[in-house]
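Student: Below are the structure tokens for one structure; questions will follow.
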Amino acid sequence: MAAAANRARPPLWRNVRFLRILGQAIFVLLLVIVAREAVLNLGFGVERQNLDLSFDFLRQRAGFAIKEGIAYSPNESFFRAFLVGVANTIRVALVGIALATVLGLVMGVARLSTNWLVRRIGQVYVEIVRNTPVLVQIIFWYVAVILALPVIEGGLSLWDLAFVSNRGTAVAWFRLEEGAGAWSLFLLAGAAVGALVVRRRTKINERTGRLTPRVAWAAGAFLVVAGVGFLLTGTPVAGDVPEVGRFGYTGGVQVSPEYTALLLGLVIYTGAFIAEIVRGSIQAVPRGQKEAAEALGLTARQQLRLVVLPQALRIAIPPLNSQYLNLTKNSSLALAIGYPEIVSVSNTIINQAARATQMLLLVMATYLLMSLTISAVMNALNRAVTRRGQA
Amino acid sequence: MGTGLLAIPTLAGSATYAVSEAFGWTEGLGRKPREAPGFYGVIGVAMLVGLTLNFVGFDPIQALYLSAILNGLAAPPLVLLMLIPVQLRGRGETTGRDALGRTGRRHLPGDVALGDRLSRVAAERLTHPVGGVEHRDMHGHGFAFRKRREDTRCILYGKETDMGIRRSNLFGALLLSLVIVTSACTRGEEDGNGDGGTAQPAPTESLLQTITDRGVLRCGVNNTVPGFGFETAEGQIEGFDVDFCKAFAAAMFGTPSPEEGTHYELIPIDADARFNALRAGEFDVLVRNTTWTSSRDGAEGVSFAHPNFYDGQAILAPEDDFASLEDLDGANICVTTGTTTELNLADYFASRDLDFEPIVLEDYEVIFEAFRQNRCDAVTGDRSALAGLLPLWEEDVPNLTIFEDVISKEPLAPGVLDGDDEWFDVVNMVVNGIILAEELGVTSENVAQEIEGPSDPFIGALLGVPVQEGEELGLGFDPGLAVDPTFMQNVLQAVGNYGEIFERNLTPLGHERGINALWTDGGIQYAIPFR
Amino acid sequence: MNGGGALPGDLERGVIAAGEEPVVEVAPRRPPLTPNEWIRRNLFSSWFNGVLTIVSGALVLFIGFRLLRFVFVSADWTVLKANLRVYMVGRFPQEDIWRVWAVAFFLAMLVGVSRGVLLPPSRTRRGAYVRAVVAVVAVGALVYLVESLLVWLLLAIAAALFAGGVAAGRRLGRRLVRPILIAWLLAFPVVVVLLSFGDVGADRWGGMLLNVIVAVAVIALSFPIGILLGLGRRSSLPAVSWFCVGFIELIRGVPLLTLLIFGRFVLILLLPPGLTFAQLVRAILMFTLFSSAYVAEILRGGLQGVPEGQYEAARALGLSTTRTMALVALPQALRSTIPPMIGHFISVFKDTSLLAALSFSDLLFTARRASQSFEFVGHQAEALLPAAFLFWVIAFSISRWSQRVETRLGVGER
């Protein structure tokens, strides 16, 4: 057993081990006391209102209409209304993330351009947008731009295929008719052919040492197969041209003005931050890489495309993750312009059903879930790109 | 009581003995405190903790219950800790190195009671890292180093387990937390079922008392609806509902000319925040053209007084574009968020097989911004509000009209929070009194005269003035409300009767009495008698 | 080529033989570019660049022209003129407005002294040009907007106090750092007392004043709480660290607006019946929780940046965990986290605009209201742009100054 020297322990009140456990116990005790107080108060307060803390009310009839989103009618339940809000949030978040990344990439590269004017434009854009609150920007886009668009009768139109007014935007799109199923098989076949063409072209490139455009070849092959299939299945695609109605557009792909304003505000705002991230990560790529690429005779554009950007984007993934999360969370500001996303719909539900605690719990849980999903995807992406070897 | 007083020292003493033995301190009530500091320390700490628990609000019976649970939960692990080494008794040996680095087998002594010895070992292992060495530095601070990884073996479970610093702490902390949380949950259940009042002192002060003490009445009002509650260019809020607020203040504080700031405060509030603000106590009464509905009475916890305006929901639209409601099929209609209008519109249109798209915005100002730019084709809201806004809006959007269709009933009434009946009665009776005054023909002009000598007993009862009969002074009528029986005198001198209030605020905007006329005049305003 | 000039007498060691003199090569100095060369090099270095220049140049000119035309010709700024007071201070009672001026003077002096101490005077010609342009524009705008002579006088006094503070700061230098820190810490309670002492309730604060007060309150409160959270997250006590991690991740995963709505609807239910806070206080509370989670994360990064050797050395010296943290780790961590911390404070200031979504009368809400009143309906852009500009000016100035302070303090260089 342990020797006597081990038993020379300091007395209890100076014994670090004991104090640590005691400290944690006291901490947990305090937490439990506070939580208990809060929960009891909550129960008491809720009872005073003749309400409860259950989620059963979500099955009640909603009674209110929502102006855009997945199929919904006022006869559906509150929960269904909430799901409409979730769908709307996802709609704006995904498109926003994609567009903001593109804008951020372009602006980030622009800030490092050799062209003085382009550099300055990028700088001005970033400095102005980053330092203005996002709510101000969203409201500005909605109130000063979208609402100021012409009314629907006098709306702008682009060759009668796309229309813009303050009731929204409508763009001509495709409508699939019968035969589309068969055509999709042709599309799959085309994709497979394209992949094969890429493989063959890569082998040829490596053998001859020339750089033939692989993507162009593959795209060509795909288009040929798709076109043949299109004709064979009886042209199963018709145009869906929007018509100018009295109150809105019918047909085509439509986006409401609120959606447009929210998307514009979010994309421009987040784009500025992504531009800074892209600039920082390009500058973080070791200079030797660029110099080596230059020594190998690559043009500036090739250097960027083949050497610098891939490494830069790898570095940029963690901060990009937090910007994507910010964009998703900032979509909650649609409350101010009437776009029916999660917070806006939940606000209406709270006003009609008065069960604020449950709704807020639901809303927070949903946002947490979305944040976790986005972070998980980005982390997987991060792992995937770093496994291929360090820069 | 006596049994309890006998039991508690015994229990406390036994707990102290147990703790001291576990940590190996000098123990015994026979010793002096200086000789056994840890022992007496535990007694002292236990006393303090018990005292504090009392002040924090723990029920002592609950605490006894808790300690029973603690005992129960602690028993299985302890028994386990005693049993397992007993199982290993056959081995009787250990491996690994001791503190001096010697390897080799060592036999456990068998002459001492094994369970006792190993319980102590268990306790020691819980609070110290295995093989850890406690040192003191030159300043007397104690800390421990963890020995090299391969040296830390745990003999407790008879196999090689690495129990580092983290784990022993974790174990101890988890055990304690588990125990406490379990006890807390059980305690919570009991409270929920039985007396919710153990930790919940009921609000002792009535709202009426609070208002009287404060000396200022706070009213939640609108500031965007002309005629009812509208902010003028100078920043003053005026309107029908505001006059009622003045009336309440006059009744509460017994003054015939209540002043803003001194007797009452107007707090503009949004439609979707009004009930929360009322519940949070930001104001005492909500006079904000609020519709009395069953769900607001129930779920929102509001008590509504006698309606001061019977209204209906209507739709406003440009006359040139829409001849009737049916033309609005598929239109975009602006509604205010947090109101009954959202629901009513959906139901009304659905029942007529009409379709629409709601544009939900915060209040009439934002709605007007959207409406004038043709973001929406029509606006829906209370007819009275729309009628008040129409002349202002027509300057920008010409030829507006309000359709005759009544989408829903909207009885507008002042609201107070559930729970204070006295305050509710005061508010309710002030409204009734105002209507009754018009029925009886008392106005702000002749009220002084009526106070001197009421023309009939009904007026006397209303004003709380004793009717003189001969030389005897009869007692004035006292309805037993929490305000002075002469409160109507002040109210009428301050704002006048119902007709006067209506004429002052709503008639200039073109409102007609309509169903808000007295029941004797073809309307439905009917006051409760003062008797 | 001789060694480049005679050395001062005391450095001369002796005669070096001519052949052994070290040859100092100095890179040939480039003559400054002529405008033509500059254009060619920076704007038209390749055909692609040339096209880019033309296209973006056209875009810039177009937008710039439209903007200038809007600002000076077609816009009707009366909405701003009439509402200037409401923009700045909301419905603050007129007779108590001297309090706001007192606060403004106090802050002007404090900011001036801080600037003087922390930043060297900018001596570049470009800096001078920029400042001249800014001064001219500012004075011009004020001439147009402010009609009252008294306000002019007070603004002049504030500007003078600022300039005086800058001069004093430069003169007295680093000795003032500690007093400045204490003054900033005291600034918030002093401001609150000044503003509400007497009879002005918090519901009268509005406009830019509300944004500034909320921002300062949130920053002041969330800094210590965030530090505690950050330290708790690193604690070796599992109970504490798990709680802190859970709390931080929960708060960072939900939007700020949701937290504010929680504060509005649910928070009072959690308090004992009868106990209630004003709506503004609740909003500040939830805001503080939000901000402290981010401060904790920034601090975590900073603490991770402190070399492990520092901790070990502290241990060797016998410092307890608390002392190690307080005396060794935190000072280093805080120093390295100044840039992200300041960035976070800037975004706290920007996020105070969210109060408008909950109908608090802050600057953004006031701007929207101003354009909705019947007099000024239709002039939304004129009402919103000044509000946006005010936000931008403050955020931009702080971020610029913090960049210069960083380079001056050498943060981030080791």
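Residue numbers (my numbering), protein chains in the order written: chain A, 2 to 392; chain B, 151 to 681; chain C, 2 to 415.
Just so it is clear, CB atoms sit at the ideal spot from N, CA and C, and this is done for glycine as well.
Just so we're clear, the structure is a prediction, and the values are computed from it rather than from any experiment.
Is the number of C-beta pairs between the stretch 115 to 128 of chain A and the stretch 270 to 285 of chain A that are closer than 8 Å three or more?
Tutor: Contact between the stretch 115 to 128 of chain A and the stretch 270 to 285 of chain A is present, because at least three Cβ pairs lie under 8 Å.
Student: In chain order, what residues of the same chain have a beta carbon less than 8 Å from the beta carbon of His289/B, not counting five sequence neighbours either side?
Tutor: On the second sequence, residue 289/B is found 139 positions in, with the first residue counted as 1. In this prediction, His289/B has a pLDDT of 46, which is less than 50 and means its spatial position is unreliable; nothing more can be read from the coordinates.
Student: Exposed or buried, which one is Thr1/C when buried takes at least 16 other CB atoms within 10 Å?
Tutor: Past the boundaries of the shown model lies residue 1/C; chain C is included only from 2 to 415, so the question cannot be answered.
Student: Grouping DSSP H, G and I as helix and E and B as strand, with all else coil, what is Thr441/B?
Tutor: As a first step, residue 441/B is located in the second sequence; it is residue number 291 there, counting from the start. Residue state, collapsed to three classes: strand.
Student: Name the chain B residues whose beta carbon is nearer than 9 Å to that of Thr349/A?
Tutor: By 1-based counting over the first sequence, the position of residue 349/A is 348. By Cβ distance, chain B contributes Asp422, Thr487, Gly488, Glu492 and Val510.
Student: Asn383/A CB to nearest chain C CB: under 8 Å?
Tutor: As a position in the first sequence, residue 383/A is number 382, starting the count at 1. No, Asn383/A does not count as interfacial toward chain C.
Student: Just curious, the alpha helix (DSSP H) that Gly141/C is in, first and last residue?
Tutor: Walking along the third sequence from the start, residue 141/C turns up at place 140. Start and end: Arg126 to Leu146.
Student: Considering Cα atoms alone, identify which of Glu185/B, Ala218/B and Thr405/B is closest to Val633/B.
Tutor: The residue labelled residue 633/B in the question sits at position 483 within the second sequence. Comparing Cα-Cα distances from Val633/B to each of Glu185/B, Ala218/B and Thr405/B, the minimum goes to Thr405/B.
Student: Buried or exposed, going by whether 16 or more other CB atoms sit within 10 Å of the CB of Trp393/C?
Tutor: Position 392 of the third sequence, counted from the start, is the residue given in the question as residue 393/C. With 16 or more other Cβ atoms within 10 Å, it is buried.
Student: Let's see if you can read the secondary structure: which residues bound the alpha helix (DSSP H) around Pro319/A?
Tutor: By 1-based counting over the first sequence, the position of residue 319/A is 318. Run containing Pro319/A: Leu310 to Asn331, per the alpha helix (DSSP H) assignment.
Student: Counting C-beta neighbours from all protein chains within 10 Å, is the total for Gln25/A 16 or more, i.e. buried, or is it exposed?
Tutor: Position 24 of the first sequence, counting from 1, holds the residue named residue 25/A. With 16 or more Cβ atoms within 10 Å of its Cβ, Gln25/A is classed as buried.
Student: Pull out every residue of the stretch 61 to 86 of chain A whose Cβ sits closer than 7 Å to any Cβ of chain B, in chain order.
Tutor: Cβ contacts with chain B: Gly64, Phe65, Ala66, Lys68 and Pro75.
Student: Residues of the stretch 274 to 289 of chain C in Cβ contact with chain B at a cutoff of 9 Å, in chain order, please.
Tutor: Those residues of the stretch 274 to 289 of chain C that come within reach of chain B (Cβ to Cβ, closer than 9 Å) are Pro274, Gly275, Thr277, Phe278, Ala279, Gln280 and Arg283.
Student: Grab the span of the beta strand (DSSP E) containing Gly368/B for me, first residue to last.
Tutor: As a position in the second sequence, residue 368/B is number 218, starting the count at 1. Reading off the sequence, residue 368/B comes out as Arg, not Gly. It spans Leu367 to Val371 - the beta strand (DSSP E) in which Arg368/B sits, taken as one unbroken run.
Student: What span of residues does the alpha helix (DSSP H) with Lys351/C cover, start to end?
Tutor: On the third sequence, position 350 is the one that residue 351/C refers to. Here the alpha helix (DSSP H) through Lys351/C covers Ile339 to Asp352.
Student: Identify the contact partners of Gln523/B in chain A, using a Cβ-Cβ distance below 8 Å as the criterion.
Tutor: Translated into positions along the second sequence, residue 523/B becomes position 373. Chain A residues near Gln523/B: Leu148, Ala149, Val152 and Asn167.
Student: Going straight from the alpha carbon of Val140/C to that of Val371/B, what length do you get?
Tutor: Along the third sequence, read from residue 1 onward, the residue named residue 140/C stands at position 139. Along the second sequence, read from residue 1 onward, the residue named residue 371/B stands at position 221. One C-alpha to the other measures close to 41 Å.
Student: Mind checking which residues open and close the beta strand (DSSP E) that includes Cys245/C?
Tutor: Position 244 of the third sequence, counting from 1, holds the residue named residue 245/C. Segment Pro239 to Gly254 is the alpha helix (DSSP H) holding Cys245/C; no beta strand (DSSP E) there.
Student: Rounded to whole angstroms, what is the Cα-Cα separation between Val213/C and Phe350/C?
Tutor: Here residue 213/C corresponds to residue number 212 of the third sequence, with the count starting at 1. Here residue 350/C corresponds to residue number 349 of the third sequence, with the count starting at 1. Distance between the alpha carbons of Val213/C and Phe350/C: 7 Å.
Student: Between Leu369/C and chain A, is any beta-carbon pair separated by less than 8 Å?
Tutor: Translated into the one-based positions of the third sequence, residue 369/C becomes position 368. Looking at the sequence shown, residue 369/C is not Leu but Arg. Judged by the 8 Å Cβ criterion, Arg369/C is in contact with chain A.
Student: Measure the C-alpha to C-alpha separation of Val137/A and Ile343/C and round it to an integer number of angstroms.
Tutor: Taking the first residue of the first sequence as 1, we reach residue 137/A at position 136. Taking the first residue of the third sequence as 1, we reach residue 343/C at position 342. Looking at the two C-alpha atoms, the distance is approximately 21 Å.
Student: Just to confirm my understanding: we take Trp402/C, look at its own chain, exclude 5 residues before and 5 after, and list those with CB closer than 6 Å. What are they?
Tutor: On the third sequence, residue 402/C is found 401 positions in, with the first residue counted as 1. Here the set comprises nothing.
Student: If the cut is a Cβ gap below 7 Å, which residues of chain B does Leu98/C touch?
Tutor: The sequence position of residue 98/C within the third sequence is 97, counting from 1. The sequence as given places Ile at residue 98/C; Leu does not occur at that position. Those do not exist, as Ile98/C stays about 14 Å from chain B at its closest Cβ, beyond 7 Å.
Student: Starting from Gln353/A and walking both ways along the beta strand (DSSP E), at which residues does that stretch end?
Tutor: As a position in the first sequence, residue 353/A is number 352, starting the count at 1. It is not in any beta strand (DSSP E) - Gln353/A instead sits in the alpha helix (DSSP H) that spans Ile343 to Ala354.
Student: For chain A, is any of its Cβ atoms less than 8 Å away from the one on Val423/C?
Tutor: Summary: the structure shown does not reach residue 423/C, with chain C confined to residues 2 through 415, and so no result is reported for it.
Student: Could you give the residue range of the beta strand (DSSP E) that holds Ile483/B?
Tutor: Counting from 1 along the second sequence, the entry for residue 483/B is found at position 333. Note, Ile483/B: beta strand (DSSP E), Ala481 to Thr486.
Student: Looking at the secondary structure, which residues open and close the beta strand (DSSP E) in which Lys559/B lies?
Tutor: Sequence index remark: in the second sequence, residue 559/B carries index 409 (1-based). Lys559/B -> beta strand (DSSP E) spans Lys559 to Leu562.
Student: Output the residue ranges of the alpha helix (DSSP H) runs that lie fully inside the stretch 14 to 97 of chain C and measure 4 residues or longer, sorted by chain position.
Tutor: 36 to 43, 48 to 70 and 79 to 90, all fully within the stretch 14 to 97 of chain C.
Student: Going by beta-carbon coordinates alone, are Glu519/B and Val378/C separated by less than 8 Å?
Tutor: Stepping through the second sequence from its first residue, residue 519/B is reached at position 369. Stepping through the third sequence from its first residue, residue 378/C is reached at position 377. Yes, Cβ-Cβ distance for Glu519/B and Val378/C is below 8 Å.
Student: Taking Cβ positions only, does Ser372/A come closer than 8 Å to chain C?
Tutor: Here the question's residue 372/A lines up with position 371 in the first sequence. Yes, because at least one Cβ of chain C sits closer than 8 Å to the Cβ of Ser372/A.
Student: Can you have a look at Tyr758/B and say buried or exposed, based on whether 16 or more other CB atoms are within 10 angstroms of its CB?
Tutor: No answer is possible for residue 758/B: the residues shown for chain B start at 151 and end at 681.
Student: Identify the contact partners of Asp77/C in chain A, using a Cβ-Cβ distance below 7 Å as the criterion.
Tutor: As a position in the third sequence, residue 77/C is number 76, starting the count at 1. Those within 7 Å of Asp77/C in chain A number zero; the least Cβ separation is about 14 Å.
Student: Excluding the five sequence neighbours on either side, which residues of its own chain have a C-beta within less than 6 Å of the C-beta of Asp363/C, listed in chain order?
Tutor: The residue labelled residue 363/C in the question sits at position 362 within the third sequence. Taken in chain order, the residues that qualify are Leu211, Asn212, Leu356 and Ala357.
Student: So which residues of chain B does Gly156/A contact, with C-beta pairs closer than 8 Å?
Tutor: On the first sequence, residue 156/A is found 155 positions in, with the first residue counted as 1. Under the 8 Å cutoff, chain B gives no residues; its nearest Cβ is about 11 Å from Gly156/A.
Student: Would the beta-carbon of Val577/B fall within 8 Å of that of Phe398/B?
Tutor: Position 427 of the second sequence holds residue 577/B. Position 248 of the second sequence holds residue 398/B. Result yes, Cβ atoms of Val577/B and Phe398/B sit closer than 8 Å.
Student: Could you list which residues in chain A have their beta carbon closer than 8 Å to that of Gln1/C, in chain order?
Tutor: For residue 1/C there is no data in the structure shown, the boundaries of chain C being 2 and 415.
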